[in-house]
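Reviewing the structure listed below.
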Amino acid sequence: MKKLRIDLQALIFLLPFLIVYVLFTIWPMIKGAQMSFYKWTLIRKMKYVGWDNFQRMFHDDQFWAAVWHSTIFVFLTTPTMIVLAIALALIANRKSKLQKLYRSAFFLPSILSVSVASYLGLFMFQPYTGFINGILHGLGILAEGKEIFWLTEPSLAWIAVAALTLWWTVGFNFILYLSAMQEIPDEIYEAASLDGAAKGQMFWRITLPMMNSITRMILMLQIIASYKVFMQIYIITGGGPLDSTRPIIQYIYQSGFKKNDLGYAATMSYMLFAILLVLSIIQYVVNNRKEAA
Amino acid sequence: MRRKFSFMWITLLSLTLLLSACGSGGSSGNSGSDSAGGDASGGTNESASNDTGGSSGEKVNLSFWTLFDGGDGDNMQAMVDQFNKEHPDIQVKNTKLVWGEYYTKLITAVGAGNGPDVGISHISRLPDLINQGVATELDDSAKDANIDWSTFNQNILEASIYDDKHYAVPIDTHPFIMYYNKKLLKDAGLLGEDGKPVLEQSGEGFIKFLTTLKEKLPKGKYPFALSSSNDDPFRFWWALYSQQGGNDVVSDDLKSADIDKDKAVKAADYIKDLYHKYNFIKLNDPDFYKTFQSGNAAIMMTGVWATGTWENTKGLEFGAMPIPKVFDQEATWGDSHTIILPATSSEDPEKRKAALIFANWIADHGEIWAKAGHIPSKPAVFDKPEFKEMPYRSDYVSVASTVKFNKHSDKNWQIRDNALFKYLNEVWSNKMSSSDAVDKMQTEIGKVLSE
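Here's what the structure looks like:
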């Protein structure tokens, strides 16, 4: 009885959030599932089409190309992100006068909004006036009168987008690693140094294994976040050249709002959801097995 | 400890999954929330129409949605203000929307029954709006409002007629023209006594003109400023394709792709050579407007809307003219702003009449609208002293009749964005031959049309 009353109290406090949450998250999700079975435009009456949207999706080359592009992005950014975040955390964790400066400097880009970060990237990679080409000219690596067109060559465009994303989002993962490093008890290092372990050995045998669980978590979060990439690519390359950097979310957006085909867009959203779900389940099962062993 | 961690892990995981779902599902959720927002404002709309419904002696309030910003936005506001002053019985309220979101918002709002009384549409977007039931047929209300269709430029007007019915009141046309820097041309000896470029109107003539510029211009100045992707080189291509007699890229029944391959390839090759063979154009110029504006390019091509910008640039001595006749006949790319009456739930004839009186008044007062550079849709405006006093405009008003408008396909914009831009960009960056690109465009257009 008493427990029930407490729950009721909690519910009252939770209510404002729950209403918004149900209205703007749960309800659209249900609506989205319904839409994926309809030919649904912004204005005309919708028409039930059964599994047509799904069938069309499985035969849509552009859809699979876009999924592949998002996958490329995942492969490009996830491992590099983890390595970079650990490296930065190691630097910031050293006892040094600059410790505070490191911490804030590494985290600072994360507070930028995606559009600010992307436009900064756009200016950096611009030919003629861009920062990167300017530096290359200054160092004499790039000959006078020559320009690297970062954003119109597919492979260079990928590098530009991935580099920008790393710089912009590494801060959050860096903080996670830093706190994980500080959680490791000093005694372990002490014991190791008494046993004559070198710095490198300590890193590979103590620091890294002790952070295993956080690495797994970052890996999963990073994969999910990378599959959802959209804005920075949309702003920097617009998906070009020749759609070679167009991620799946951009294709969904274009289908829904440029082509007025919201039903098909919803179908593809659910496919993305399914892909992420499968990846998460695999990850979860693998983790559990490891922890049980 | 381990247990606690795995609990956190599950919570986090499910949270991110949910977030990801709403991230992607957001695209589908939006329409729901939009119409919810619209419902709220629907109440005010209704009360407004209650005020005005009834006898014609009462004041009519019109809501007007526009997509203009910058100079265009200010000019439109000035016209609305003046109209309101002159017409005490009709009051127009101008709501400026961001251009990138305008059409989506208009279509959603009309779909939810909360659209404005008056709206703007590009003439090339009109078929889509008609097809979706957003733009309504005007003929009955036009009779009430005494609109004389013969006072409009017929080339523009034609593009707004569907099945012999009027769907829009054109207020301007904004074609693709050429601007030149008088100082640079003079230094290169290419400016005639009359202040116009010395330029032979032919394909070779234009190349010769640019070659002379390239030789004579000081270091760091470019003969020709043009972007290397999307809109402007596409418009140039469209112009040259039409100059050979090419007639849009879809068939007359609007059901299949119909590019005249020879002409399309010839036009694309001509432009490609300007970039890569003769090096007249700064490749991948991040801001070609600025290159011209800062006096670093002798000529540039874009829509007439740039006129206002150049006029407000200190120290820029420029001129405007139709783009050169590279092939057989004069033609250029162009679009046109029109005023439409979006479908509303009440379809109040008094409101529709008032809206068309307003639209006709705007077209009649094209001299204010022309400040930004647009060509007025009524030739009578050309003779008004206010218009004649403005420099440059008269040099290109003739272009209004040579604009090659799109055919009436509701897929015009999709074809442009998904088929034409995409493969032409590959040609401009020298990665694909014009012939391959045109073949791919043909296939892609077919795909867009069949969807």
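Chains as they are written, first to last, in the UniProt record's numbering: chain A, 1 to 293; chain B, 1 to 451. Quick reminder that beta carbons are idealized off the backbone N, C-alpha and C, glycines included.
Using CA atoms only, rank isn't needed, just tell me which of the options is closest to residue i.
i	options	result
Q293 of chain B	B:L185, B:E317, B:Q442, B:V80	B:E317
K447 of chain B	B:L424, B:T136, B:V427, B:I415	B:I415
E183 of chain A	A:N212, A:T169, A:S155	A:N212
K411 of chain B	B:I123, B:F83, B:N75	B:I123
K219 of chain B	B:F280, B:V304, B:G111	B:F280
G189 of chain B	B:D172, B:Y167, B:E215	B:E215
A65 of chain A	A:I249, A:N287, A:A162	A:I249
V170 of chain A	A:G130, A:S226, A:M202	A:S226
K165 of chain B	B:M441, B:N284, B:N61, B:I340	B:I340
Y102 of chain B	B:L129, B:K431, B:F83	B:L129
L106 of chain B	B:Y278, B:Q82, B:W65, B:E86	B:W65
S394 of chain B	B:T151, B:I177, B:N181, B:K96	B:I177
K255 of chain B	B:S409, B:Q91, B:P88, B:W361	B:S409
V326 of chain B	B:K431, B:Q244, B:Y275	B:Q244
D60 of chain A	A:Q283, A:R289, A:I252	A:I252
K431 of chain B	A:V285, A:L88, A:A191, A:T152	A:T152
L76 of chain A	A:L194, A:L272, A:A162, A:F131	A:A162
M268 of chain A	A:I26, A:Y38, A:P16, A:S104	A:Y38
L279 of chain A	A:T71, A:L23, A:L166	A:T71
Using 7 Å as the threshold, is the C-beta distance between residue i and residue j below it?
i	j	result
P175 of chain B	V438 of chain B	no
D248 of chain B	K407 of chain B	yes
T332 of chain B	T402 of chain B	yes
P197 of chain B	L210 of chain B	no
I357 of chain B	A145 of chain B	yes
A225 of chain B	M300 of chain B	yes
F174 of chain A	F106 of chain A	yes
A355 of chain B	V118 of chain B	yes
S377 of chain B	I171 of chain B	yes
S228 of chain B	L283 of chain B	yes
T173 of chain B	S346 of chain B	no
M390 of chain B	A419 of chain B	no
I223 of chain A	T78 of chain A	yes
residue 493 of chain B	S202 of chain B	Since the displayed chain B opens at 1 and closes at 451, residue 493 of chain B lies outside it and no answer follows.
S251 of chain B	D258 of chain B	yes
P241 of chain A	H69 of chain A	no
A359 of chain B	V98 of chain B	no
Measure from the C-beta of residue i to each C-beta in chain A and report whether the shortest distance is under 7 Å.
i	result
G32 of chain B	With a pLDDT of 34 at G32 of chain B, under the threshold of 50, the modelled position of this residue cannot be trusted; read the value that follows with caution. Cβ-Cβ to chain A under 7 Å: yes for G32 of chain B.
Q132 of chain B	yes
T108 of chain B	yes
G119 of chain B	no
N284 of chain B	yes
S429 of chain B	yes
E426 of chain B	yes
G111 of chain B	yes
N61 of chain B	no
My understanding is that residue i touches residue j, with C-beta atoms under 8 Å, so please give their C-beta distance in whole angstroms.
i	j	result
I236 of chain A	L164 of chain A	7 Å
S434 of chain B	D269 of chain B	5 Å
A117 of chain A	T245 of chain A	Contact doesn't hold; Cβ gap of about 17 Å is too wide.
V110 of chain B	V92 of chain B	Wrong, their Cβ atoms sit about 18 Å apart, outside the cutoff.
I270 of chain A	G32 of chain A	Reading off the sequence shown, one finds Tyr at residue 270 of chain A, where the question assumed Ile. Right, the Cβ-Cβ distance comes to about 7 Å (below 8 Å), so this counts as a contact.
A266 of chain A	M35 of chain A	4 Å
I82 of chain A	T215 of chain A	7 Å
Can you find a CB in chain B that lies within less than 7 Å of the CB of residue i?
i	result
T152 of chain A	yes
L178 of chain A	no
L42 of chain A	yes
R289 of chain A	no
F75 of chain A	no
F13 of chain A	no
F257 of chain A	yes
F149 of chain A	yes
**Asked** Given a limit of 8 Å on CB to CB distance, which residues of the stretch 191–219 of chain B reach chain A?
**Response** none
**Message:** For the stretch 235–251 of chain A, list every residue whose C-beta sits within 8 Å of some C-beta in chain B, in sequence order.
**Reply:** G240, P241, L242, D243, I249
**Prompt:** Going along the chain, which residues of the stretch 193–222 of chain A sit with their C-beta nearer than 7 Å to a C-beta in chain B?
**Reply:** S213, M217, M220, L221
**Message:** Give me the subset of the stretch 80–108 of chain B whose CB atoms are less than 7 Å from a CB atom of chain A, sorted by chain position.
**Reply:** T104, I107, T108
**Asked** Which residues, in chain order, does the stretch 115–129 of chain A contribute to contact with chain B at a C-beta distance below 9 Å?
**Response** L122, F123, Q126, P127, Y128, T129
**Item:** chain A contacts from the stretch 355–383 of chain B (Cβ-Cβ distance under 8 Å)
**Value:** none
**Asked** When Cβ atoms are compared, which residues of the stretch 283–317 of chain B fall closer than 8 Å to chain A?
**Response** L283, N284, D285, P286
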